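Numbering (the numbering used here), first residue to last: 5 to 358.
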């Protein structure tokens, strides 16, 4: 009979330890693989948010902001991951705002909603507002939540940036530094006639020598956007025009037709009606505007820095299929803006009210 030597207590302990480590490793792999429960897109500080909530958010973005989900599986996947992050960041902001006792009551939202309807639907009132919701596939509850989120962001932004100041010395320094950007370039009121060929353009030059340019534009121009306005392009700077056409327009004398100039739209003949010389405003003329711009820039910098820290330190866990490429980068989300209204996209079509 072969004798066996019983293992020492130390060997047994080591073996048991190795088994325990192996079991723990398997458990960790299982946990990492399984992640969040089925149907959960992400978890914020212990609160689960469903994939359905994120999918609904995709619909809200399209209905309220006109942001359409991109085509293509890769682009769609990336978009949904970013949408999940935007929802998560909104929740983080809500919690930080609540910790500072910043809240928005239903009465506050009522007032904001009424203000919006009164401004944007003065004729049809609430009936027009509800009709617009139906046309865009949104619900009033979703709009109210967007309004509430905008108000939370706005109040939190104001709280965080209330101590931002801009001195007269700051304004003077910025004026010196930005003098070139503050200058208003020469602008000209230009009319234009577009035709297909160089030969036709030469004919136009002969015609406008005998009759009013506006009349010639109405009868000869191919540009449907301007022909009924006598070819008027408005008061423009050279940089706003096609490079070749702009060079010719800003070299021409007032009232003297110029061209032909070839552009991607055809052959062009133009005339300059008005010339406004460049302006170099004084510090006194732009002081108020510049001070406001500087304060806004500093406030936004503070806001972004604060928000980046909150996102980086937030307890957010994403499901594998909803985890964004860079979870700590700020999302490009309308509801995180510090200005404007989430419901602006519900304005009646053609309403350019500021």
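For every residue, glycine included, the Cβ atom is placed at its ideal position computed from N, Cα and C.
Just so you know, these numbers come straight off a predicted model, no measurement behind them.
Mind checking whether residue 212 and residue 220 have CB atoms under 9 Å apart?
As a position in the chain shown, residue 212 is number 208, starting the count at 1. As a position in the chain shown, residue 220 is number 216, starting the count at 1. Yes; because the gap between Cβ atoms is below 9 Å, this pair is in contact.
Look at the Cβ atom of residue 225, then the Cβ atom of residue 235, and state whether they are nearer than 9 Å.
The residue given as residue 225 occupies position 221 in the chain shown. The residue given as residue 235 occupies position 231 in the chain shown. Taking 9 Å as the Cβ cut-off, residue 225 and residue 235 qualify as a contacting pair.
Apart from the five residues just before and just after residue 42, which ones in its own chain have a Cβ nearer than 8 Å to its Cβ?
Here residue 42 corresponds to residue number 38 of the chain shown, with the count starting at 1. Answer for residue 42: no residue qualifies.
Is the distance from the Cβ of residue 276 to the Cβ of residue 250 below 9 Å?
On the chain shown, residue 276 is found 272 positions in, with the first residue counted as 1. On the chain shown, residue 250 is found 246 positions in, with the first residue counted as 1. Taking a C-beta distance under 9 Å as the contact criterion, residue 276 and residue 250 do not qualify as a contact pair.
Quick one: residues in its chain with C-beta nearer than 7 Å to the C-beta of residue 129, no 5 flanking neighbours on either side, listed in chain order?
What you label residue 129 is simply residue 125 of the chain shown in a count that begins at 1. Taken in chain order, the residues that qualify are 121.
Using beta-carbon positions only, say whether residue 164 and residue 307 come within less than 9 Å of one another.
Sequence index remark: in the chain shown, residue 164 carries index 160 (1-based). Sequence index remark: in the chain shown, residue 307 carries index 303 (1-based). Taking 9 Å as the Cβ cut-off, residue 164 and residue 307 qualify as a contacting pair.
Residue range of the beta strand (DSSP E) that includes residue 106:
Position 102 of the chain shown holds residue 106. Neither: residue 106 is in no beta strand (DSSP E) and is coded neither H nor E.
Cut-off 8 Å between Cβ atoms - residues of its own chain near residue 170, not counting five sequence neighbours on either side
Within the chain shown, residue 170 is the residue found at index 166, counting from 1. Cβ neighbours of residue 170 beyond the five flanking positions: 295, 298, 299, 302.
Comparing alpha-carbon positions, which option in 189, 100, 125, 167 lies nearest residue 157?
In the chain shown, residue 157 corresponds to position 153, counting from 1. Selected option, being the one with the closest Cα: 100.
Three-state secondary structure (DSSP) at residue 254?
Here residue 254 refers to the residue found at position 250 of the chain shown. Here residue 254 sits in coil by DSSP.
Uninterrupted alpha helix (DSSP H) stretches inside the region 108 to 155 (no shorter than 4 residues):
Along the region 108 to 155, the alpha helix (DSSP H) occurs as fully enclosed runs of 4 or more residues at 110 to 124, 129 to 140, listed in sequence order.
Runs of 4 residues minimum, wholly inside the region 47 to 81: which ones carry the alpha helix (DSSP H) assignment?
Complete alpha helix (DSSP H) runs here, min 4: 55 to 69.
Please state whether DSSP places residue 333 in a helix, a strand or coil.
Along the chain shown, read from residue 1 onward, the residue named residue 333 stands at position 329. Residue state, collapsed to three classes: coil.
What's the C-alpha gap between residue 217 and residue 189?
Along the chain shown, one-based indexing puts residue 217 at 213. Along the chain shown, one-based indexing puts residue 189 at 185. Rounded to the nearest angstrom, the two C-alpha atoms are 26 Å apart.
Would you give the residue range spanned by the alpha helix (DSSP H) that residue 280 belongs to?
Residue mapping note: residue 280 aligns to position 276 of the chain shown, counting from 1. It is not in any alpha helix (DSSP H) - residue 280 instead sits in the beta strand (DSSP E) that spans 270 to 280.
Run of the alpha helix (DSSP H) containing residue 203, from where it starts to where it stops:
Here residue 203 refers to the residue found at position 199 of the chain shown. Residue 203 -> alpha helix (DSSP H) spans 202 to 212.
Measuring CA to CA, which of 77, 92, 63, 207 is closest to residue 273?
As a working mapping, residue 273 is identified with position 269 in the chain shown. Of the listed residues, the one whose Cα sits closest to residue 273 is 207.
For the region 106 to 118 against the region 323 to 336, are there 3 or more C-beta pairs whose distance is under 8 Å?
Taking a contact to require three or more Cβ pairs closer than 8 Å, the region 106 to 118 and the region 323 to 336 do not qualify as touching.
Residue 335 versus 90, 310, 60, 48, residue with shortest Cα-Cα distance:
The residue given as residue 335 occupies position 331 in the chain shown. Among 90, 310, 60, 48, the Cα nearest to that of residue 335 is on 90.
What's the C-alpha gap between residue 147 and residue 278?
In the chain shown, residue 147 corresponds to position 143, counting from 1. In the chain shown, residue 278 corresponds to position 274, counting from 1. Computed Cα separation, rounded: 46 Å.
Would you mind giving the Cβ-Cβ distance between residue 152 and residue 93, rounded to the nearest angstrom? I have them listed as a contact below 8 Å.
Indexing the chain shown from 1 puts residue 152 at position 148. Indexing the chain shown from 1 puts residue 93 at position 89. Going by Cβ atoms, the distance from residue 152 to residue 93 rounds to 16 Å, so no, they are not a contact pair.
Name the residue from 48, 309, 288, 321 whose alpha carbon lies nearest to the alpha carbon of residue 178.
The residue you call residue 178 lines up with position 174 of the chain shown. Comparing Cα-Cα distances from residue 178 to each of 48, 309, 288, 321, the minimum goes to 288.
Assigned exposure category for residue 183 - 16 Cβ within 10 Å defines buried
Residue mapping note: residue 183 aligns to position 179 of the chain shown, counting from 1. Result: exposed.
Euclidean distance between Cα positions of residue 144 and residue 185:
Mapped onto the chain shown, residue 144 falls at position 140. Mapped onto the chain shown, residue 185 falls at position 181. Residue 144 and residue 185 have their C-alpha atoms roughly 43 Å apart.
Sorted by chain position, which residues of the same chain lie with C-beta nearer than 6 Å to residue 196's C-beta, five sequence neighbours on each side aside?
The residue you call residue 196 lines up with position 192 of the chain shown. Closer than 6 Å at Cβ, skipping near neighbours: 235, 237, 272, 274.
Buried or exposed for residue 263, please, with buried defined as at least 16 other CB atoms from any protein chain shown within 10 angstroms of its CB.
Counting from 1 along the chain shown, the entry for residue 263 is found at position 259. Residue 263 is buried by the Cβ-count criterion.
Taking only three categories from DSSP, how would you classify residue 25?
As a position in the chain shown, residue 25 is number 21, starting the count at 1. No answer about residue 25 holds up, because its pLDDT of 38 lies below 50 and its placement is not dependable.
From the DSSP secondary-structure annotation, give me the bridge partner or partners of residue 239.
In the chain shown, the residue the question calls residue 239 occupies position 235. Answer is 193.
With residue 333 and residue 46 assumed to form a contact (beta carbons below 8 Å), what rounded beta-carbon distance in angstroms separates them?
Position 329 of the chain shown holds residue 333. Position 42 of the chain shown holds residue 46. With a Cβ gap of about 15 Å, residue 333 and residue 46 do not count as contacting.
For residue 215, the three-state DSSP class (helix, strand or coil)
The sequence position of residue 215 within the chain shown is 211, counting from 1. The answer is coil: DSSP assigns residue 215 none of H, G, I, E or B.
Rank 304, 44, 64, 48 by C-alpha distance to the C-alpha of residue 316 and give the top, closest one.
Taking the chain shown and counting its residues from 1, the one referred to as residue 316 is at position 312. Nearest to residue 316 by alpha-carbon distance, out of 304, 44, 64, 48, is 48.
Using the C-alpha atoms, what's the distance from residue 104 back to residue 245?
For this step, residue 245 is matched to residue 241 along the chain shown. For this step, residue 104 is matched to residue 100 along the chain shown. Approximately 50 Å between the Cα atoms of the pair.
Which same chain residues end up closer than 8 Å to residue 209 when comparing Cβ atoms and leaving out the 5 residues on each side of it in sequence?
Against the chain shown, residue 209 aligns to sequence position 205. Excluding positions up to five away in sequence, the list reads 261, 263, 264, 273.
Residue 265 lies in the beta strand (DSSP E); which residues open and close that run?
By one-based count along the chain shown, residue 265 stands at place 261. From DSSP, the beta strand (DSSP E) with residue 265 extends over 262 to 267.
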